[in-house]
Structure formats: C-alpha cells, structure tokens
Ligand SMILES: Cc1ncc(COP(=O)(O)O)c(C=O)c1O
Ligand SMILES: Cc1ncc(COP(=O)(O)O)c(C=O)c1O
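Chains as they are written, first to last, in the numbering used here: chain A, 1 to 289; chain B, 290 to 578; chain C, 579 to 993; chain D, 994 to 1408.
Printed below as a string of structure tokens:
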C-alpha cells in the first residue's frame, strides 16, 4: 500500500505534464460518434481548440453513469460499428499530440483479449499510446487488478471523486489515483447544466491537501463556467456533454463534418479561454500556496 | 290432511270432466304471444282443433323451468305488454268453452293484489272463470297457502310429477294435487323432442294406483308421439313447445294471424287425432282395469 | 354461528321454490349437507379445511390498516379475502361445493357466473378436484369479462353463453337451473352465493363462515376484544354472511351489509329497471331463484333489471338469511352509490396499497361516510381484489371528478 | 441459510461496480443491512415479518399437488408464492426494502421494472408505508404491460418512461441507477432481484429467504423429511435464491435453477441478440449493473439483448451468488424453452387449477421433462400467478400446436 501510494501520481509523465503550467482543458468525445471518419476529425478539432488532455469514450452498451446526451452519443457510436479493437485503431489513426485518456466501463476492459482480467486491454492501450483510463463503474475497492496492469504498462488510472466522497473513501481513492483526479461537480450523471454547482468548492476544499491535479467535470457548458471553476481553484476542467451536443446537432441536421469540426474547435477555444481567464484571477492565491 | 286429501281431486268438476271420456288433449300457449289480439285468436284455434283443456301461460320474467322455445314466447308476450291484470282480461275476452288452467310462476301469484299471499290472485282467477293452476316453481312443500286459496274458491291445483319423483315425495304431491297430474315425460325443461322418453312409462307405472287423471307433457311434438303416449296409458297429453314454435315462426315471418291460427288448429287436430288413435289401441286394457 | 333451520326457512324467508324435477336432487343435497358438512362424515370438513389451507391459502390475514386508522381516528382492520386463491372469497364456497359433489359421487359440475368471479373460482376448484365443469354466463357478461372467460377456459371448463334476456347474471342462473333440471342425476349445481333453494343459503354460509371464524380470533388476538362493527358488501350476500356468521351471537357487534346504491335508489317501474342493487334496503318480499327473499321487482312481481358499477353486486335478489337478519334488526342494511364506491376504490389503493374489488370498495365507501357511528374498532371485509375491475375503473373514473384518483389521462379509452 | 460475505463477494462474483457518487449510499445501505436486517436493530426484522404476515399474506402454503404427483409418480409439492399480495414473490423483497428505507430515514423510493411485477410490488409497499415512489420502466414495456402501469398509478406511484435503447428492463435499471446517483441523499433504490452491487444480492436473498424457511418446515410437516429436489425459475434469481437459501446446507437436496431457454440457446453475435435468458447456462463472467456475475455478452463484452416468452425472466444477467453456487456444483443450472414453458402453463392450469406466471411455468416445464431424475419428493416454487400473462398466452399459444391447451379460437387476437 505504501508502495502503491508512492507511485500513483507518477505513472505517466504526460498527464502530469498537461497540468504543469496553467489550467488543463480536458474535453470528452465518444470515439466513433457518429462515424469513424467524422469522429477522427472532431477529436483533432478539439486539439486545435486548445485541449490539453482528451478523454475518448469507448462506448459500452450500458452506460449507467451517463446522462441522456452521452447515452445518445454511445448509441450512435455503437451503431457506427465502434468496438474495442476499432477503438484502438482509432487511437492509432488520430493525429493529435496531447495525451489521450480512455473512458469506458469495466466490462469492456475485463473481457478484452484471451485471458480474463484487465491486463490485455491495458497492454494494447499502451501499445497504441493511450495515457490512462477513467472507468466510471470501477470504484477504488474493485480497482486493484486494473491498477496493477496500469502500473505494469506505465498508464495512469484516473478516479472520480463525488460530492459525497469523504473520509476513508476519499483516502482510499487518493491512494489509488494517478494522472489527475476527476472532481465530479455535482451529484447525478453527466450532462450540461446551466449553472455551476456549489458542491464543487467544497469538493476542492476536501482535496486541497492532496498533491494531484484536480480536474472538475459534470455540467460545464460555457467559457464562463470554466472561468468560475478554475478561479475557484480547479487545475483543469472536463467538458463532455456540451461538446457532444454539437456532434448530436450536426448528426441530426446532416451538417458536414467540417462544419461540425469547426464549431467544436471554437467551443473548445471558448472553454479554454474561460479556463485561462479563471486561472489569471487566482494566480496570486495559487502562488501563495 | 285427511280432509285435504279427500277434496283434492274434486275441487272443480270441469277439469275432471275433461278427462272423463277419452283422452284429453291439453295444449299450452303463452297468453299475449306475440300480441294480445293474435293470441286470443290462437287460443280459440286450439279449441277448434280439439283441445279439452287449455293451459294458458302468464309470462314471468324468470321462467326457470322453460326451454328456449317457451322462454322466447314469454319474452314476446312481456314485450307485448302482458301483465297479470291484462291476463285476467284476456281470459275474460276469450271465447272458448273448455276449462282454462293458468300456468305461471309463484312470485306473480304471491305479489298480486293488496294483501301478500296467493289469495287475491286466486280470487280474481275464479272471477274470470279459470279452472286451476300449474306453478312449476312451487313444490308441494311450499304449496299450502295456494292450496288453501284454491280450495276456498273451488279451483284445481295441478302438480308436476317428474321422472325423479318417488316414494314419500310422490305421496305428498298426490295428496295435494287436484284436477289432473302433470306427468313430466323426461328430465329437463320444456321443449319439443324428436322421440318420446322411455321414462314416461315408468312414471305412469308409479302413478297407476292413484285415482287422478294423468296428463303427460314435455317434448310431445307429433300425432304419433301423442298416439304412443296415450297407448302407453296416459289419460291426456300436454303439448306446449310444438305449438309455440308455430306462433314463433309466424311472428318471425310476419304471417297473418289468420294463417297462424289455421296452422295451430291443424296441428292441434293432428295431436288430438293421435291421442284418439292411441286410446283406441288400449281400450281393451283400460276396460280390463 | 347462526342457526341452521331444519326446514330451510329463515322466518318467512328461504324455502325451496324449484321445479319438481329438482326436488329429489335438493333432498339428496340436503341430506349430504347434513351428513358431510354438519356432521363431518368421512372427515369431509377436515378435508375441506385442509384444502382451503393448502390450495386456497387460508387463513387469510386480518390486517391493521395504519393509514385508514389514522384517517378515521379509530382502529380499522381489514379481513384480506383478496388474498385467497383466485382473488376473492368465492373460492371458499366453490371449493366446498365441488368437494361435496365429489363426496356425493357426482360426475359433473355446472355453475352460473355474472362478472366471472364465481365462475373462475368454480373452474379452479373443478380443475383441482378433477371434475368436468360447465359454466353458464350471459353473452353480455362474456363480452364484458373476457379475461375471466379465458381463465375458466384455461382451467379446463366449458363456458356456455346464455343469450336470453339481457344476457347477464339473472339469466345465467335461470339457465343453470335448467341444465341442472335436465342432468340432475350426475350433476351438482354450484350456486355462487347464499341464494337459491335450501340447503344452498345455509350451506354456502357455512362454507364462507371461515371468514368470520378467523377474523373473530384474529381481532381478538390483536385487540384483546371484539370489533364494534363489521362491514361487508352485499350482492347475493355470501361474503357478507361469511363475515357476519360468527358475530351474530355477539350482540355488541354491529353488522353492516353494504349494498350497491348504484346511481340512484329510485326505481323506474315503467322500464322495469332499478338503477341499484339494494334489495335489502329497497326490495320487497318475493320468490326468486328458488327462495323467498327480498327482491327488486315491480308491483306485478316481475323481476327488475338491477344496476351497479360493480358487476358482482349487480343482482336483484339477496340471501334469505340476510333478509331475516335485517328484519330482525340484527343486521343493518345500508348502501353506497357508484360514486362513493369508486372514490373508496382509489382511496384504499393509494392509502393502503391494496387495490380492492369494486364490490369490496362499497364497504369502504360506507366507512368513509359513517365512521363516526362505527365505534372504536371496525372490521371491514375486503372480499376481493380489483385486478378484474381495471377497465371499468378507467371508464368510470373518466366520467367523474374524483379527488382521490390519480390522473389517468394516458389510459383514456382503456388499455 | 447461505453465508453473508462481509466483503460482498461470492467467490469472484459480486462486488460493487458502481459510480463513485453511489458508493457512500451503498456503504450506508451496507451498514443499515448489517444493523437492521442481520442484527434486527430496533426490531426491524420483527416489524418486517409482521407486515409480511398481515399485509402480504404469509405464510403462503406448501401444497401437495395431487394430479402432478399422479402424473409423475412421485410427491410433488408447490410453494404458493402466487398467493402473496400482488401475485408474486416480489413483495417479500419490495416490502423489506421500502421498510428498510423508512428505518434509514429516506424520503423517496425509486425502482426499475420490466414486466411490471417488481414495480407493482414496490408501488404497493410504498403506498402501504406512505413513501413517495417513482418507477422507471422502458417505453416498450410500458406499452406491453399497461395494466401493470395502471396498477402502479392507482397505488400513487409515478411511472417514468425510459426511452433509451430498446426501452426494456436493462435500460430501466440503468436509468434508475442514474436517478439514484442524482438523488442519493434522500432516496433509496429498491432493486428488483438478487442483482446489483453488494449488499443488494445478499439483502434481497435474505428478504426472499422466507420462502424456503417456510417451505422447509412445511415439507417436513407433511413428509417428515426434506425434499429430494427444489425447482425454481431464474431470471435475476430472487425467487430462486429465496427458494434455495435454507436448503443450501442440506446437501442431499438437489437445487435446480430453471432459466429461460427462449427460442434457442444459440446466440447471434452479429446482431447482439441472445434468443434466450440463460445467463447461468450459457453466459460468461463479466460486470453488469454493479456486480460481477454471469452475463449474456458478445466477445467484446457488450451486453446482449436477451429474450424469453416470460418478461420477468428476460434479463441478460443473474444474481452473483447463484453464479457462484452453480460454479461450486451446488446448484444445477438448467433451462426450458418457450414451448416447454407454455405447455407447462396450460398443464398446470388444467390439472391443478392454478394459473401460474409464465416465469414459474419454466420450473414446471423442467419437471415434465426430467421428473425421473428428481427423486421421490419434489418441491416447485410457484413464484407468481399468471393473470398478468393472459394476453401473451393467447398470442403465443396461437403460434403453436399445444396438446394441453384448450381451444382458444374465440380469443384470437386478444381480448
Ligand atoms: C369480490 C366480490 N365481492 C363480493 C361479491 C358479491 O357477492 P356476495 O354478496 O355473494 O359476497 C362478488 C361477486 O362476484 C365479488 O366478486
Ligand atoms: C412471477 C415471477 N417469477 C419470477 C420472476 C423472475 O425474477 P427472479 O428470478 O428474480 O425471481 C419474476 C420477475 O418479474 C416474476 O414476476
């Protein structure tokens, strides 16, 4: 346990680096939504818009932690033929330089490859150059096998900390986490919200003593949200539904992939700029620490 | 009881007289089927056809002892406006000389008039010149009040003897009956049948020792039936459904009342002739007795 | 337990007004009732009780109703006949009679049914006891109650449509009597309530009396005493007599037979229609279906068409023993109209998580309106469950403005 | 009684694979389970048992099935969960959980439902205990099971349509988890079977274990010994674990979990469809809805659409404890296809006068095909009654040529 806790935040230099100077903008898209080719273009647009890390969703048939927006993205991606193998190809085909985190559910990780357990999946993820994982249905209690495989192949394992996470549980998670911690801004499932939850500040307070980047997600929709959250002390912002909405609208209205990519890029820029503004506001404080 | 048993078969000379010389033909029709005027004509046609006694049905809404043919007659007569009071008028309006027996259910007898119980009904029946009653849902056990009223006003009370009636029950009935006994030819409800039941003979055997006319009914349809039954020892035949069928057909086909009446008369004649033939066959035997 | 009258009479009520052909069967049945039911010959009653327990699910509970008790500020207990196999008290009687037929050596069962509750109970009992069974049912009722027809067919019974008259219960009873009169030697007629000629009213009461036998003991266990009042709906009156029988001698216990007030207590003599089924409250003495009792009839004595929102109460007669107990002042004949019953249906469903039969809902309607007069401990018989009534409830709720009802717009027009 | 595993694991099965936001609630629930259920704190279990008795109708009987016993030339006993309030074993669990939520101070209940049986049981329990309740139900299921939706509404519950995916049970579970994750502080999620994250599988089993607790005693009373085998259908496996729990330590008693063989045990990987629901027989280890267990999945790990003629068995997962007991060789995982279940449905209806749920009919299908291997005394759990299935039975019987079925021509096309 002492051992693990030491190596946790240092598994992969890339993710740590992404948070090193200034606030990290961490957008999410479902890989293959609504089809393989467009999706490649969309992810690349995020980088152009200023992404520091990209969370790539590998769609699972039962996304129990997602709201309607991302559920629909998952359905579109599955209907577009996305599978774990195609996902790894997708990562290989992507022309982006920022670190990529795979967001998926545990069953897909567990089933992959010939031997049961997460190792084959992590091995392949390392091969294609992924930097880490977020697994919403894998709490720290069940994470040992995946943590071990990540350690073996030098990948990070990001955990979500919810507004309800306190005390012992918080410690257990923080001893397992690496890369960054995903601070869930409010209770519920993913989905863009019109205001930012007051629960965020309390969560950041609880995490103040832990020396790992804190990226806040769930419900961030605009540059102003991003600004406020970073000003409040977040090391990064995670944005999913607000971006997936753009993909969904494009798919519904039959827009060209180029047009959608352009809108994604500019939304990304808005969010990144917001984050930067927020960071500026708190620089004195941050330095004081 | 001794008293009652003595006066039973002698309440009304008319009914006894009808059975006095030769077999009695006892047709049944529902009064007012399908309307008052036609029904008067039909009943009168039965007399012309040779009826010795006529059973006139006063329709009741729940005729539990009737088969489909007579049930339908009852419905037609009720829809035609037949009521107990109209029934008594009907009897007054009839231009026939043979004795008339009212066949109905006990509730109508019980409810009639101002005081509860059968007396008002019997009193009125006597006034209009009815000779007696058959009440299919009134077994001997429940008949005392009606028996008393009949005695008071000099009317007969006919009882039905079923193939299942034996021993004590038979004695009880035979001690209450007057006019004639209605021998039910087979189990079941009223309705014309294609052959005559073997149960009839056994019933007549059981009744052989009782000195009261035995009229057999239930299912007699043709002159040949009538012949066989009278040959077998019956003092009379009761025919309902085979006649009601003619009324029903007439009503259905919109035949004129005259035409229906004519067919009733000729059916009656066929039945009466059959009965007479049967009687001829058994004369030696009957005399031997 | 109320008395058994050797002559089949309850005062002037009761008797045996049936066609002569049936009398020997009725005498045979009277004898069998005496021997098997009253004297437990061949262990009949033990067999019956064991089957009621294992096949039927007896004893049914007597439940303390928390929220009704709160609402009415007194202790309300529910006798849960809705939990009996088949969903109503009907099985107590059907099982008893089919078993008796078996002990009597009969080889065939006939029965009438209105809404189908007695028919389904009889079909279940007949399947259980391997007896061929035919059920007479009015054609109108068949069309209204197809799921129940289907259940009888599933249990292997034949369902014979009755097309005479309006094609409802009254006609079905008459038709079953005709079948019985035709096949009386090998057939037993399983009548569905405490009506018909003796010994049916007494026998059906005895089979149903297990309700009050249990409830009396159960209320005692829970409260240390007896209820102040017992409420049961009354159609023919079998759940009613079952719920009352063991309390009749407890003079301090008020007994309330709640009839269907329908849409009105008035009567349309001209049309021969009573828009209610309140024979005890508004009927007159007369003879129907083999017994003298209180019936809905016109001044001539013709039987009237009755009405109730609950098919199981929709009958122009009532058990002769109840008629007597009402005349004696021992049972209170009261009634609740269609509106009150529907409201009570929704209230019980929401407050207690029990969806009652519309029949049973009448008893709860009376409780709502009169709880203040019913004493500290009230026992209500839940004669059956309401699953059979869902279509009717949609239809009838739509016509009304019922506070207690959930919004059912999405069910407009049925399922 | 099977063991409780402190870590929520049954061998490698079980666990708590849920979003972090739910973990505190799950810890709180685990603690409440420990205190109230296992240690009877505040008399919780006494309260629960009393309510099961008075509100639910327990004990349900264990019935000797005369005609099945004759047919199979051995003693067949039926555990009659069809007689429980609501018509299925589901209430044992729903009542336990809603009551627990109340003891925990929760103010709101959510639940998922597929065919509507768990939903109706939860709605009844929630009404009884005065808890606001929302039920998630797939839109497809809502359209197929409108009477059950109506019953939930009558009991005062909200029914929330789930439009994602195929709009069936799997999606409804996911959606209910989302609601719980959002409202976790005041809300309890009443899961419908022995599935989901720990402590649900153990807790639901403990609430359902009353089935085998009673049945074991009842069979003993009747035969002086234990059954040679116990049969129960298995969807999620709650009636199954309930029927097995108190026999697991009786090594001589064979335990048979009868899954839905559907139309075939083969799988269409391409279409992501398994035309059966036989997770124990044909599924692979994986993680679904919070637990590691046997599930129907493609080689990638995507969950497959399952199928069964009985909606209540139509689920791609199964309780983790059952998976473990099968791996251990203690429970036999067997299955019966749609045809066999339908035939058994008709057979039981006609021979015993019990119309079973199509789910339960699977257990009887297995009995028909394998009675010779089941020993002298066989106990079958009748998990529910079939009234909910009548429409399906008409439709499915029409498609087949079933000897045991009555002629149903007049019902062609439904009611
Ligand atoms: C549930 C229920 N309650 C009551 C009745 C009325 O019958 P009775 O008055 O004989 O109990 C019926 C008749 O079908 C019924 O189904
Ligand atoms: C009657 C009945 N039996 C069985 C089941 C299957 O559930 P389980 O396997 O959890 O008992 C259901 C589910 O709805 C059901 O309604």
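Glycine residues also receive a C-beta, built at the ideal position from the N, C-alpha and C atoms.
Whole-angstrom C-beta distance between residue j and residue i, which should lie under 8 Å
i: residue 178(A); j: residue 157(A); result: 6 Å
i: residue 64(A); j: residue 137(A); result: 6 Å
i: residue 659(C); j: residue 961(C); result: 5 Å
i: residue 251(A); j: residue 41(A); result: Their Cβ separation, rounded to whole angstroms, is 13 Å, which puts residue 251(A) and residue 41(A) out of contact at 8 Å.
i: residue 1162(D); j: residue 1123(D); result: Not really, about 27 Å apart at Cβ, beyond 8 Å.
Classification of residue i by the beta-carbon crowding that lies within 10 angstroms, buried from 16 upward
i: residue 1222(D); result: buried
i: residue 744(C); result: exposed
i: residue 580(C); result: Low local confidence applies: a pLDDT of 48 at residue 580(C) is under 50, so the model's placement there is unreliable, with the coordinate-based value given in what follows. Result: buried.
i: residue 1314(D); result: buried
i: residue 802(C); result: exposed
i: residue 1023(D); result: buried
i: residue 465(B); result: buried
i: residue 436(B); result: buried
i: residue 839(C); result: buried
i: residue 876(C); result: buried
i: residue 1054(D); result: buried
i: residue 684(C); result: buried
i: residue 3(A); result: Only weak support is given to the placement of residue 3(A): the predicted model assigns it a pLDDT of 37, under 50, and the value that follows is read from those uncertain coordinates. By the 10 Å Cβ count, residue 3(A) comes out exposed.
Residue nearest to residue i in terms of C-alpha spacing, selected from the options
i: residue 914(C); options: 900(C), 937(C), 944(C); result: 944(C)
i: residue 969(C); options: 986(C), 658(C), 912(C); result: 986(C)
i: residue 793(C); options: 825(C), 769(C), 900(C); result: 825(C)
i: residue 842(C); options: 886(C), 625(C), 848(C), 714(C); result: 886(C)
i: residue 320(B); options: 349(B), 307(B), 443(B); result: 349(B)
i: residue 1246(D); options: 1253(D), 1037(D), 1324(D), 1232(D); result: 1324(D)
i: residue 129(A); options: 155(A), 265(A), 249(A); result: 155(A)
i: residue 591(C); options: 951(C), 988(C), 681(C), 905(C); result: 905(C)
i: residue 1011(D); options: 89(A), 125(A), 160(A), 97(A); result: 160(A)
i: residue 163(A); options: 217(A), 134(A), 142(A); result: 217(A)
i: residue 938(C); options: 719(C), 626(C), 845(C), 920(C); result: 920(C)
i: residue 459(B); options: 495(B), 432(B), 488(B); result: 495(B)
i: residue 923(C); options: 635(C), 982(C), 834(C), 829(C); result: 982(C)
i: residue 221(A); options: 181(A), 244(A), 209(A); result: 244(A)
i: residue 1003(D); options: 1027(D), 1285(D), 1344(D), 1405(D); result: 1285(D)
i: residue 1045(D); options: 1408(D), 1083(D), 1071(D); result: 1083(D)
Partners in chain B for residue i, counting only beta-carbon separations shorter than 8 Å
i: residue 866(C); result: 351, 396
Contact set between residue i and chain A, taken where Cβ atoms lie within less than 9 Å
i: residue 1174(D); result: 64, 65, 162, 187, 188, 189
Contacts that residue i makes with chain D (C-beta to C-beta distance below 7 Å)
i: residue 110(A); result: 1279, 1280, 1294
Partner residues on chain A for residue i, Cβ-Cβ distance less than 8 Å
i: residue 1146(D); result: Those within 8 Å of residue 1146(D) in chain A number zero; the least Cβ separation is about 24 Å.
Partners in chain B for residue i, counting only beta-carbon separations shorter than 9 Å
i: residue 597(C); result: 353, 354, 425, 426, 428, 449, 451, 473, 478
Proximal residues of chain B, C-beta to C-beta of residue i below 7 Å
i: residue 755(C); result: 353
Interface residues of chain D facing residue i [CB-CB closer than 9 Å]
i: residue 708(C); result: 1059, 1060, 1344
- Message: Could you check whether the region 1275-1285 of chain D touches the region 1195-1209 of chain D, counting it as contact only if at least three pairs of C-beta atoms, one from each stretch, sit closer than 8 Å?
- Response: no
- Quick one: any contact between the region 1015-1026 of chain D and the region 1186-1194 of chain D, if contact means 3 or more CB pairs under 8 Å? yes
- Is the region 889-896 of chain C close to the region 849-861 of chain C, with three or more CB pairs under 8 Å? yes
- Task: Taking 8 Å as the threshold, find out whether the region 1366-1377 of chain D comes into contact with the region 1086-1094 of chain D through three or more Cβ pairs.
- Result: no
- Message: Under 8 Å, with one C-beta from each stretch per pair, do the region 206-222 of chain A and the region 19-35 of chain A reach the 3-pair mark?
- Response: yes
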